[in-house]
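S.K.: Take this structure first; my questions come after.
Below, the structure written as structure tokens:
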């Protein structure tokens with residue numbers, strides 16, 4: 003088999019066999035196939051696409067390149083949840099303990115953030131002392147004892163994906179749906195869960211900017227999951243404005259804690275409840291999502307969902323004091339108010355701009371080895387559709403110092419539109435792929 007022939011074949015939009023895709027991944031892994039040849043095939047894939055079979059073969063080949071987590075030592079139904087990333091997306095910190103309180107074993111491997119989409123692990127570092135670097139044995143032990151754990155991916159989890167992504171990032175080949183789907187799903191399948199719930203973000207603050215591409219990505223990922231014998235479904239959710247009130251690591255943890263105490267921004271609440279209800283029905287614990295939602299509401303009210311988060315944080319070495327008083331997470335040296343300069347209705351909050359502002363405040367990474375400031379971010383008091391009077395508080399900027407807060411205010415004002423007439427937001431859940 004010859005890599006040049008494989009590149010030529012894909013250049014002509016011909017379908018690659020499973021053997022050819024395995025040869026490609028194994029050769030890339032061993033170094034026998036040069037980076038420039040890998041890049042050439044990646045560009046051919048971007049331009050000519052891949053069939054569902056090819057995408058499934060690619061996922062399988064990447065999956066076999068490293069460790070596969072064996073969760074057979076965990077009793078009960080194991081579930082995992084993945085978001086394609088967005089601004090203010092703290093759903094994992096809310097959803098994982100809520101599902102664990104209902105008896106689902108939540109064994110979640112997460113990553114760190116890059117760019118303006120924050121990583122779950124970075125947010126969890128807001129619990130002082132929290133340890134995400136767990137051995138497989140300790141990870142399984144915590145999930146068995148408490149029903150949940152969120153840990154970092156091991157270095158040898160799908161190493162082929164790390165190599166491919168590093169090349170995609172510098173060769174203009176990131177935006178290929180088959181490559182995105184195989185990258186995400188190879189890691190999800192390697193994590194070993196029975197049920198995979200996907201949240202594909204769509205809009206300005208997401209990788210998928212329109213509903214058509216979001217549906218295509220969701221469909222590809224669900225197909226891969228089902229071919230691998232997993233229960234897999236996807237929600238396509240709106241990311242035209244930041245999710246919830248808070249953007250920034252510690253601020254988002256505060257909002258997730260508040261959700262588990264029954265205090266939540268309506269759209270964030272709706273999304274979390276839908277993701278959880280769908281998983282409970284898929285697990286066979288309830289016949290309908292309405293029945294599942296009743297149990298979820300009950301577990302928020304009786305404190306069992308918050309208790310699960312407390313158990314996980316403590317088991318992973320974190321300080322749980324913020325679970326009693328989430329306001330202790332607000333520690334930025336400067337909190338700068340942004341007031342409305344006119345009367346009207348908030349008609350737009352540009353999610354991608356808000357994400358970049360939070361990153362520039364120090365809350366995100368431009369490069370993977372950048373240090374982040376967990377304290378900084380943006381706290382919204384008004385969201386899209388809200389009526390404001392001149393002088394009303396729209397947002398608070400949590401910053402390291404006044405100059406950076408003032409720079410952020412200027413950019414934030416440009417990202418917020420106020421109109422004379424009220425606007426109707428798209429629903430938070432745009433579609434589902436089952």
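Residue numbers (the working numbering): 3 to 436. Beta carbons are placed, not taken as given, at the ideal position from N, Cα and C, and that holds for glycine.
Which residue wins for smallest C-alpha separation from residue 351, given the options 380, 361, 373, 323?
M.R.: What you label residue 351 is simply residue 349 of the chain shown in a count that begins at 1. Considering only alpha carbons, the answer is 380.
S.K.: Who are the near neighbours of residue 135 in its chain, counting only those whose CB is closer than 8 Å to its CB and skipping five residues on each side?
M.R.: Within the chain shown, residue 135 is the residue found at index 133, counting from 1. Hits under 8 Å: 153, 154.
S.K.: Tell me the rounded alpha-carbon separation between residue 102 and residue 340.
M.R.: Translated into the one-based positions of the chain shown, residue 102 becomes position 100. Translated into the one-based positions of the chain shown, residue 340 becomes position 338. The alpha-carbon atoms of residue 102 and residue 340 are separated by roughly 38 Å.
S.K.: So, do the region 77-85 and the region 281-292 have three or more beta carbon pairs nearer to each other than 8 Å?
M.R.: With the cut-off at 8 Å, the region 77-85 and the region 281-292 touch.
S.K.: Could you name the residues of the same chain whose beta carbon sits closer than 6 Å to that of residue 267, not counting the 5 residues immediately before and after it, in chain order?
M.R.: Translated into the one-based positions of the chain shown, residue 267 becomes position 265. Taken in chain order, the residues that qualify are 246, 247.
S.K.: In chain order, what are the residue ranges of uninterrupted beta strand (DSSP E) at least 3 long that sit wholly in the region 362-404?
M.R.: Runs found: 379-382, 395-401.
S.K.: For residue 200 versus residue 100, is the C-beta distance shorter than 8 Å?
M.R.: Position 198 of the chain shown, counting from 1, holds the residue named residue 200. Position 98 of the chain shown, counting from 1, holds the residue named residue 100. No.
S.K.: Let me make sure I understand the geometry here. Which of 184, 298, 128 has the alpha-carbon closest to that of residue 271?
M.R.: Here the question's residue 271 lines up with position 269 in the chain shown. Residue 271 has its Cα closest to that of 298, out of 184, 298, 128.
S.K.: CB residue 336 to CB residue 401, shorter than 8 Å?
M.R.: Locating residue 336 in the chain shown gives position 334, counting from the first residue. Locating residue 401 in the chain shown gives position 399, counting from the first residue. Yes, Cβ-Cβ distance for residue 336 and residue 401 is below 8 Å.
S.K.: Beta-carbon within less than 7 Å of residue 149's beta-carbon, same chain only, minus the 5 sequence neighbours each way: which residues are those?
M.R.: Along the chain shown, one-based indexing puts residue 149 at 147. Counting only Cβ-Cβ distances below 7 Å, and skipping sequence neighbours, we find 102, 107, 108, 310.
S.K.: Could you say if the region 137-144 and the region 157-170 meet the contact criterion of at least three C-beta pairs nearer than 8 Å?
M.R.: Short answer: they don't touch.
S.K.: Write down every uninterrupted run of the alpha helix (DSSP H) in the region 186-234 whose length is 4 residues or greater and which is fully enclosed by it, in chain order.
M.R.: Counting whole runs of 4 or more residues, the region 186-234 contains the alpha helix (DSSP H) stretches 213-229.
S.K.: Mapping DSSP to helix, strand and coil, what is residue 70?
M.R.: The residue you call residue 70 lines up with position 68 of the chain shown. Here residue 70 sits in coil by DSSP.
S.K.: Within 10 Å of its beta-carbon, does residue 83 have 16 or more other beta-carbons around it, so buried, or fewer, so exposed?
M.R.: In the chain shown, counting from the first residue as 1, residue 83 sits at position 81. Residue 83 comes out buried.
S.K.: Take residue 185 and list the residues in its own chain whose beta-carbon comes closer than 6 Å to its own, dropping the five residues that flank it on each side.
M.R.: For the purposes of this step, residue 185 is taken as the residue at position 183 of the chain shown. Cβ neighbours of residue 185 beyond the five flanking positions: 163.
S.K.: Give me, in chain order, the residues of the same chain whose beta-carbon lies closer than 6 Å to that of residue 208; leave out the 5 immediate sequence neighbours on both sides.
M.R.: In the chain shown, residue 208 corresponds to position 206, counting from 1. Only 88, 241 meet the Cβ criterion.
S.K.: Which runs of the alpha helix (DSSP H) at least 4 residues long sit entirely within the region 227-271? Give them in chain order.
M.R.: Whole alpha helix (DSSP H) segments, 4+ residues: 251-262.
S.K.: Enumerate in chain order the residues of its own chain whose CB-to-CB distance from residue 12 is below 7 Å, with the five nearest sequence positions on each side excluded.
M.R.: In the chain shown, counting from the first residue as 1, residue 12 sits at position 10. Correct list, in chain order: 18, 43, 46, 47, 50.
S.K.: Starting from residue 151 and walking both ways along the beta strand (DSSP E), at which residues does that stretch end?
M.R.: For this step, residue 151 is matched to residue 149 along the chain shown. Run containing residue 151: 150-154, per the beta strand (DSSP E) assignment.
S.K.: Along the chain, where does the alpha helix (DSSP H) that runs through residue 430 open and close?
M.R.: Counting from 1 along the chain shown, the entry for residue 430 is found at position 428. First-last for residue 430: undefined, no H or E at that position.
S.K.: Which residues bound the beta strand (DSSP E) around residue 350?
M.R.: Within the chain shown, numbered from 1, the residue matching residue 350 stands at position 348. Run containing residue 350: 346-351, per the beta strand (DSSP E) assignment.
S.K.: Would you kindly work out how many angstroms separate the C-alpha atoms of residue 38 and residue 171, rounded to a whole number?
M.R.: Here residue 38 is taken as the residue at index 36 of the chain shown, counted from 1. Here residue 171 is taken as the residue at index 169 of the chain shown, counted from 1. The straight-line gap from Cα to Cα measures roughly 14 Å.
S.K.: Using the Cα positions of residue 204 and residue 239, report the straight-line distance between them to the nearest angstrom.
M.R.: Position 202 of the chain shown holds residue 204. Position 237 of the chain shown holds residue 239. Distance between the alpha carbons of residue 204 and residue 239: 6 Å.
S.K.: Among 216, 73, 94, 179, which has the Cα closest to the Cα of residue 196?
M.R.: Translated into positions along the chain shown, residue 196 becomes position 194. Nearest C-alpha to residue 196: 73.
S.K.: Can you tell me whether residue 404 is buried or exposed, with buried defined as 16 or more other CB within 10 angstroms of its CB?
M.R.: Working through the chain shown from its first residue, we reach residue 404 at position 402. Answer is exposed; the Cβ neighbour count stays below 16.
S.K.: Just to confirm the assignment, what range does the alpha helix (DSSP H) spanning residue 298 have?
M.R.: Indexing the chain shown from 1 puts residue 298 at position 296. That run of the alpha helix (DSSP H) goes 291-303.
S.K.: Excluding the five sequence neighbours on either side, which residues of its own chain have a C-beta within less than 8 Å of the C-beta of residue 408, listed in chain order?
M.R.: For the purposes of this step, residue 408 is taken as residue 406 along the chain shown, with counting starting at 1. Within the same chain, residue 408 has close Cβ partners 338.
S.K.: In chain order, which beta strand (DSSP E) runs of at least 3 residues are fully inside the region 37-117?
M.R.: Counting whole runs of 3 or more residues, the region 37-117 contains the beta strand (DSSP E) stretches 80-85, 107-112.
S.K.: Under 8 Å by Cβ, that's how I've got residue 359 and residue 395 pegged, so tell me the actual separation to the nearest angstrom.
M.R.: The residue given as residue 359 occupies position 357 in the chain shown. The residue given as residue 395 occupies position 393 in the chain shown. Not confirmed; about 17 Å, so no contact.
S.K.: Does DSSP classify residue 2 as helix, strand or coil?
M.R.: The requested residue 2 is not part of the displayed model; the chain covers only 3 to 436.
S.K.: Apart from the five residues on each side of it in sequence, which residues of its chain come closer than 7 Å, Cβ to Cβ, to residue 291?
M.R.: The sequence position of residue 291 within the chain shown is 289, counting from 1. Around residue 291: 279, 280, 283.
S.K.: Does the Cβ-Cβ distance between residue 410 and residue 363 come in under 8 Å?
M.R.: By one-based count along the chain shown, residue 410 stands at place 408. By one-based count along the chain shown, residue 363 stands at place 361. The answer is yes: Cβ separation under 8 Å.
S.K.: Checking 8 Å against the spacing of the C-beta atoms, do residue 274 and residue 93 come in under that value?
M.R.: As a first step, residue 274 must be located in the chain shown, where it is residue number 272. As a first step, residue 93 must be located in the chain shown, where it is residue number 91. Yes, the pair counts as a contact, with Cβ atoms nearer than the cut-off.
S.K.: Pull up the DSSP beta-bridge partners for residue 434, would you.
M.R.: Along the chain shown, one-based indexing puts residue 434 at 432. Beta-bridge pairing links residue 434 to 237.
S.K.: Look at the alpha carbon of residue 215 and the alpha carbon of residue 392, and state the distance between them as a whole number of angstroms.
M.R.: Position 213 of the chain shown, counting from 1, holds the residue named residue 215. Position 390 of the chain shown, counting from 1, holds the residue named residue 392. Rounded to whole angstroms, residue 215 to residue 392 spans 39 Å at the Cα level.
S.K.: Among the residues of its own chain, which have a CB less than 6 Å from the CB of residue 382, if the five just before and after it don't count?
M.R.: As a working mapping, residue 382 is identified with position 380 in the chain shown. Result list for residue 382: 247, 397, in chain order.
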